[in-house]
Amino acid sequence: MQSFITLTKTGYMSGIYIHIPFCRTRCHYCDFYTTTQIKRKPELVDALIKEMELRQLWLEGETIKTIYFGGGTPSLLSADEVSMILDAANNLFRLDSKSEITIEANPDDLSTKQIRLLANTPVNRFSIGIQSFHNHQLQLMNRRHTAQEAVDSVKRVQDAGIHNISVDLIYGLPESNRTLWNQNLEQVSALNVKHLSAYHLTYEKGTVFEVKSRQGKIFPCSEEESILQFKALVNWAKEQDFIHYEISNFGKKGFFSQHNTNYWMQQKYIGLGPSAHSYNIETRSWNVSNLSVYVNTIQKGELPQESETLSEKNKYNEFLITSLRTRWGIKLDVFERLFGSEEKERLIQKAAPYIKQEKLYLKDNSMILTDEGVFLSDLVLSELMVLPDED
7 MQSFITLTKT GYMSGIYIHI PFCRTRCHYC DFYTTTQIKR KPELVDALIK EMELRQLWLE
67 GETIKTIYFG GGTPSLLSAD EVSMILDAAN NLFRLDSKSE ITIEANPDDL STKQIRLLAN
127 TPVNRFSIGI QSFHNHQLQL MNRRHTAQEA VDSVKRVQDA GIHNISVDLI YGLPESNRTL
187 WNQNLEQVSA LNVKHLSAYH LTYEKGTVFE VKSRQGKIFP CSEEESILQF KALVNWAKEQ
247 DFIHYEISNF GKKGFFSQHN TNYWMQQKYI GLGPSAHSYN IETRSWNVSN LSVYVNTIQK
307 GELPQESETL SEKNKYNEFL ITSLRTRWGI KLDVFERLFG SEEKERLIQK AAPYIKQEKL
367 YLKDNSMILT DEGVFLSDLV LSELMVLPDE D
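Take 7 as the starting number for the sequence shown in the numbering used here and just add one per residue.
The following block contains the structure:
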């Protein structure tokens, strides 16, 4: 059996993820590491560049295909700060001349001036965190922008000549319904964007939404209503020629997220900044989720991270989780080469009930989730994965 690293290595890294943890306020659904200490941006930028220097050899000279500024709120960076980070990446790593460079942005940060300045940097893709085009839902989520600001921000980016734009929406919000959800989708159509990421609301422990839900102050959307909203999303995507290429992602042809697609294809990536994760097929590492500790450790010339060597079970589960999320599914011939014919047969046996229930289907030697299976993917995956005590 060939090694996992031999079969997945392509000569390209997935790319570089850069975590910008700053937020003006915290959204009520968010459990990512963030801080409101925006005045510490210069410290973070210096530390990010130093971390690149410390981790330069970790990439083994491979070409970088994508760079992704995530957060937090990367659009709180000035264009000069973005350029400083990208210049350092270009000097320290081998960047593809056609690298996809994405910045996540909040609508209220995207003034005409800020967009123009960012458009003069190598950034060539915007991911705009809209979440809803309804003011009462935005207020419920503690978003800072209005529905009109959301619409205007997209149009301003387009007017600047950038058309590789993704917008984020959330469905299954408290007291939401299909009428409101369909109106959100209609607005996406009207804006003529090329990519949509649509996430089902989850109540992560410790978030404002989770606490209020336990206290009976908000009432989660029913599973039945959430499924109906998801089906409306899938039908809308088909009508609008969006390709449903991953559980939560829909893109026009030629506008899939290259960065995230390479995650799902088990390609290497390096994460920079507090709380960022890295993966190089054999190991996974993660930085400390604390800005002060991150900066102080980097200043000492040390990496503020922990790591683990991935076991064969880890790799097996990683392959299932990432592959089954996509429209391409699990390539059974690749799976067999990686894990052997016995594991392939065991996987097919485990999947049989879900194939019968039409949550999975087999096509062209691949195992793929149906539309219904996509919404229930966590359940399906939990049955297919190898448990720690399972041989």
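Yeah, the Cβ is synthetic: ideal placement off N, Cα and C, and Gly gets one too.
A distance below 7 Å separates the beta carbons of Phe256 and Leu202. Here Thr127 has Ala85, Val88 and Ser89 as same chain residues with Cβ atoms under 6 Å from its own Cβ, once five neighbours each way along the sequence are excluded. Per the Cβ contact rule, the region 65-78 is in contact with the region 264-272 (3 or more Cβ pairs under 8 Å). The alpha carbon of Val299 has as its nearest neighbour, out of Leu50, Thr42 and Ile22, the alpha carbon of Leu50.
Closest in C-alpha terms to Ser291, from the list Leu278, Glu308 and Ser313, comes Ser313. According to DSSP, residue pairing for Asp174 in a beta bridge involves Gly135 and Ser203. Contact fails between the region 242-257 and the region 96-111, because fewer than three Cβ pairs, one in each stretch, are under 8 Å apart. When rounded, the separation of the alpha-carbon atoms in Arg30 and His151 is 12 Å. In the DSSP assignment, Ser372 is bridged to Lys337 and Lys369. By alpha-carbon distance to Glu364, the top candidate from Arg100, Phe225 and Ile374 is Ile374. The C-beta of Pro27 has 16 or more other C-beta atoms within 10 Å across all chains shown, which makes the residue buried.
Taking Ile233 as the centre and dropping the five residues before and after it, the same chain places the C-beta of Phe381 closer than 7 Å to its C-beta, in chain order. C-alpha of Thr185 to C-alpha of Lys259: approximately 28 Å in a straight line. Beta-bridge partners of Glu314 (DSSP): Arg290. Approximately 4 Å separates the beta-carbon atoms of Ser372 and Gly335; this is inside 8 Å, confirming the contact.
Per DSSP, the unbroken beta strand (DSSP E) holding Tyr251 starts and ends at Ile249 to Glu252.
As the crow flies, the alpha-carbon of Ile249 is around 45 Å from that of Gly307.
Using a Cβ distance threshold of 7 Å, Leu207 and Leu179 count as a contacting pair.
Taken through DSSP and simplified to helix, strand or coil, Tyr35 comes out as coil. Here Ile26 carries a strand assignment [DSSP, helix/strand/coil]. In the structure shown, Ser284 falls within a strand segment according to DSSP collapsed to helix, strand and coil. Taking the Cβ atoms as the reference, Arg61 lies roughly 19 Å from Leu316, outside the contact range of under 8 Å.
By alpha-carbon distance to Ser383, the top candidate from Leu368, Glu229 and Arg331 is Arg331. Taken through DSSP and simplified to helix, strand or coil, Ala111 comes out as strand. For Leu387, the enclosing alpha helix (DSSP H) starts and ends at Ser383 to Leu390.
Looking only at Ile55, Leu124, Glu318 and Gly379, the smallest Cα-Cα distance to Ser254 is reached by Gly379. Separation of Asp247 and Pro48 (C-alpha to C-alpha, rounded to the nearest whole angstrom) is 43 Å. As a beta-bridge residue in DSSP terms, Ile276 pairs with Ile22. Ranked by Cα distance from Ile304, the options Ala53, Ile22 and Ser20 are led by Ala53. As DSSP reads the structure, Tyr360 sits in no beta bridge. For Phe75, the beta-bridge partners assigned by DSSP are Ile24 and Ile109. Ser138 and Leu63 have their C-alpha atoms some 42 Å from each other.
Per DSSP, Asn255 is one residue of the beta strand (DSSP E) stretching across Asn255 to Gly257.
Secondary structure note for Asn241: its alpha helix (DSSP H) is the uninterrupted segment Glu229 to Glu245. Shown here, Thr332 sits in a strand according to DSSP, grouped into three states. DSSP places Ser263 in no alpha helix (DSSP H); its state is neither H nor E.
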